[in-house]
Amino acid sequence: MNRRYADLRAALRERVRIADLLQARGVPVRPNGRGGGTALCPFHDDHRPSLNIYRSRRDDTERFRCWNCGSRGDVFDFAQTLLDYPDHTATLRALATEHRVPWPEHDEPVSSDVLDRAAQFYAGRLTPQSSATWPSAAFPSRSCGSTASGMRPSLLLRVICSCA
Ligand SMILES: [Zn+2]
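Just so we're aligned: the sequence shown equals residues 64 to 227 in this note's numbering.
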C-alpha cells in the first residue's frame, strides 16, 4: 500500500485498541503493566486466558497472539477476524468510518487527473492540420460556450496542445 494508506493505518492504530474491541464484546482484559494484557481468546473455545496482547519490539505496533489456537497478527488482523470483515481493505474502511478518519482517495484530485489523461491521449493523435481545423469542427459555433464537462473548448484545446 502507498504512503496515503500507511498514514491511514497509522491514524487508525492510534485510535483502535485490541483491548477495546474485546471489551466492547464483553471480554475483560487483564493489563500486564507493559501496555498489553491477557484475555480469553475469541477465536477458539477458551477457558483460561491464552490471548496475549503486546507491543511489537520491532515497530511498536500493537499485536496479539494466542498460545492455544495460534492466531496472531496486528490490530487490523484482529478486527477483521473478530468482526468478520471479508478482507483487509473492508476492515480499514469500516474502522475509518467508525473512527471518522478520512479515506485517502477523498483527498486525490480525481477530476483533474482524468482531464490530464484525456489531454495526453488526444495530444498524441493531433496533427498540425487537425489542430488548425479541430476547434470549429469539434465544437460547432451554435454549441460553443462550454463542453459537457463545463470546460471551454478553446481552453480544452490549449490543454491538449500543450501536451503535444
Ligand atoms: Zn485462541
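Heads up, the beta-carbon is just placed ideally off N, CA and C, and yes, glycines get one too.
query	result
Just the Cα atoms here: how many angstroms apart are Asn-131 and Pro-91?	18 Å
Can you find a heavy atom of ligand 1 that lies under 8 Å from the Cβ of Asn-95?	no
Which stretch, first to last residue, makes up the alpha helix (DSSP H) that contains Leu-84?	81 to 86
Under a three-way DSSP split, which group does Leu-103 fall into?	coil
In whole angstroms, what separates the C-alpha of Ala-159 from that of Glu-77?	12 Å
Given Arg-135, which residues of its chain have a CB within under 8 Å of its CB, disregarding the five upstream and five downstream residues?	Arg-126, Phe-127, Arg-128 and Cys-129
Is Val-164 helix, strand or coil by DSSP?	coil
Does the region 64 to 71 touch the region 91 to 107, meaning 3 or more C-beta pairs lie closer than 8 Å?	no
Helix or strand or just coil, what does DSSP make of Arg-76?	helix
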